[in-house]
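In the numbering used here, the protein residues as written are 961 to 1098.
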């Protein structure tokens, strides 16, 4: 598996506009898929490749809580590659940025994603509204 930073809107959109991913990420906000443009200035996008196939995207951006992250693995690759992808993008972040803490806000309705975050070392600090506030420190 290869992890690299991408600045290519087509690569970012390939993952984020996949119908199931879009619904999970943006559908709850009623965002229009046709209007979406990635923010290349304020966000870091890491893409994962296996055998030249794009398998997922890791997104980091500043928020009121610190550096917030999002993991999006394409549905057909989740079972086989999600755990390795999660570990590798976190390692990439620690080794290639000055970030030393990541925050994840995970909706309570996705217990499998909360469990995934915990397997990656995130600690659940409790609820914020309908989300779990999770933190990973270097």
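We treat Cβ as the ideally placed atom computed from N, Cα and C, and that holds for glycine.
Residue i in three-state terms, based on DSSP
i	result
residue 1039	helix
residue 1067	strand
residue 1046	helix
residue 1074	helix
residue 962	strand
Integer-rounded CB distance, given that residue j should sit under 8 Å from residue i
i	j	result
residue 1019	residue 1030	4 Å
residue 976	residue 1032	7 Å
Pair within 8 Å by beta-carbon distance, residue i and residue j
i	j	result
residue 1005	residue 972	yes
residue 1045	residue 1065	no
residue 1052	residue 1098	no
residue 1035	residue 1080	no
heavy atom of the ligand GDP below 7 Å from residue i C-beta
i	result
residue 1069	As presented, the structure is devoid of all ligands, the ligand GDP included, so that no description of it is given.
Separation of residue j from residue i, as counted between CA atoms
i	j	result
residue 963	residue 1023	24 Å
residue 1002	residue 996	15 Å
residue 1091	residue 984	14 Å
Task: Inter-stretch contact (C-beta, 8 Å, three-pair minimum) for the segment 1004-1014 and the segment 1071-1082 - done: no
- [ ] Spell out a yes or no on whether the segment 1053-1063 and the segment 1035-1045 are touching, meaning 3 or more CB-CB pairs, one atom from each, closer than 8 Å.
- [x] no
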